[in-house]
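Residue numbers (this note's numbering), protein chains in the order written: chain A, 1 to 113; chain B, 1001 to 1112.
Have a look at this one:
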C-alpha cells in the first residue's frame, strides 16, 4: 500500500536547526520529495532525493534517507522566520507506471523569533 | 507560479449550483492534476490527466468531473456544489508522475 506519514506540527527557535520527519510504506519508491507551502500560496518543490542516495545537501537543507526504515528527513540549518511554512513529503513509484505522487498531510513549522 | 494559472482565485457559490474551476498552463506539460486541501487531510487527489481527453480518478473524485480538450487547459466541474466541497483547490502540472510538480496558486471555494 501507499501511505506517507508526517508529524503535524514543529516549533523551533530562530537560529536553531529544524528536522522534519516522514515515513513511507512503499519500498518501491524511487524518488522522494519535499515541498514547501507558504501561507496563501501553492506548493513549491524544495528538494528531492533519488532512492539510491542516502543524503543530499543543498545550502541550508539536508535530506537524509534511510531505506531500511523507510524514513526520510529534512534538516534546515540556521532556521529563519521565513522558513515558517507547511512542509510536505511525497513519494513516487517509477516502476509502477502511471501513478501520481502520494503526499503526506504536511508538517507546519513555526519559527519563534 | 510561472507557467500555470488558476481561475478564479476566490469564489462563493450556493449549494446546488454548478461550478467550474480552470487551470491553464503554458509549459506544454503532459500531466495535469487537481487536488483539494483541507485541514487535517493535507492534499488529496481529485482527478488527473495524462493527455488530451485522457483522465483518471483520484482518491476523492465523487461529485467532481474534469475535462481536458486542449493540452493547456484542465477544467474541474462540481456538477452540484455541496458544503463539503468548500475547500482550497490546487492544480499542478508535470512532465511525468515522477518529475517535480509545479503548483498553481489555488482557488478558494466556499459553498454556502
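Where a beta carbon is used, it is the ideal one built from N, C-alpha and C, also for glycine.
Query, Result
"Nearest-angstrom beta carbon gap, residue 1109/B and residue 1113/B [assumed within contact, 8 Å]", "It is not possible to answer for residue 1113/B, since the shown part of chain B is limited to 1001 through 1112."
"Short CB-CB distance (under 8 Å) between residue 41/A and chain B", "yes"
"Short CB-CB distance (under 8 Å) between residue 1064/B and chain A", "no"
"Residue 82/A, DSSP secondary structure in three states", "helix"
"Below-8 Å beta-carbon distance, residue 72/A vs any chain E residue", "Although the question refers to chain E, the structure presented lacks it and instead comprises the protein chains A and B."
"CB contact below 8 Å: residue 1047/B versus chain A", "no"
"Distance cut-off 7 Å: residue 86/A Cβ against heavy atoms of the ligand ATP", "Within the structure as shown, the ligand ATP is missing, as the structure has no ligands at all."
"Sub-8 Å separation of residue 99/A and residue 6/A beta-carbons", "no"
"Cβ neighbours of residue 112/A in the same chain (closer than 6 Å, five flanking residues each side left out)", "13"
"Close beta carbons around residue 1065/B, own chain, < 7 Å, minus the five adjacent residues each side", "1077, 1079"
"Neighbourhood of residue 1/A by C-beta, 8 Å cutoff - its chain only, sequence neighbours within 5 removed", "Legend: pLDDT at residue 1/A = 44, less than 50; position of this residue unreliable, value from coordinates given subsequently. Excluding residues within five positions, the ones whose Cβ falls inside 8 Å are 25, 26."
"Amino acids of chain B, ordered along the chain, whose beta-carbon sits closer than 9 Å to that of residue 88/A", "1042, 1043"
"Reference residue 1073/B; option with closest CA among 1019/B, 1028/B, 1015/B, 1111/B", "1028/B"
"Inter-stretch contact at 8 Å, needing at least 3 Cβ pairs: the segment 17–24 of chain A / the segment 67–75 of chain A", "yes"
"Interface partners of residue 45/A on chain B, CB under 9 Å", "1100, 1101, 1102, 1103"
"Cα-Cα separation between residue 1013/B and residue 69/A, rounded to whole angstroms", "46 Å"
"Alpha-carbon spacing of residue 54/A relative to residue 102/A, whole angstroms", "21 Å"
"Chain A contact residues for residue 1089/B, given Cβ-Cβ distances below 9 Å", "Correct list: empty, because the minimum Cβ distance to chain A is about 11 Å."
"is_contact[residue 105/A, chain B] using C-beta, thresh 8 Å", "yes"
"Under 9 Å by beta carbon: chain A residues contacting residue 1106/B", "40, 41, 42"
"CB contact below 8 Å: residue 101/A versus chain B", "yes"
"Three-state class that DSSP yields for residue 57/A in the structure shown", "strand"
"7 Å Cβ shell around residue 1005/B - same chain, five flanking residues per side excluded", "1024, 1104"
"Backbone CA spacing between residue 52/A and residue 10/A [nearest angstrom]", "28 Å"
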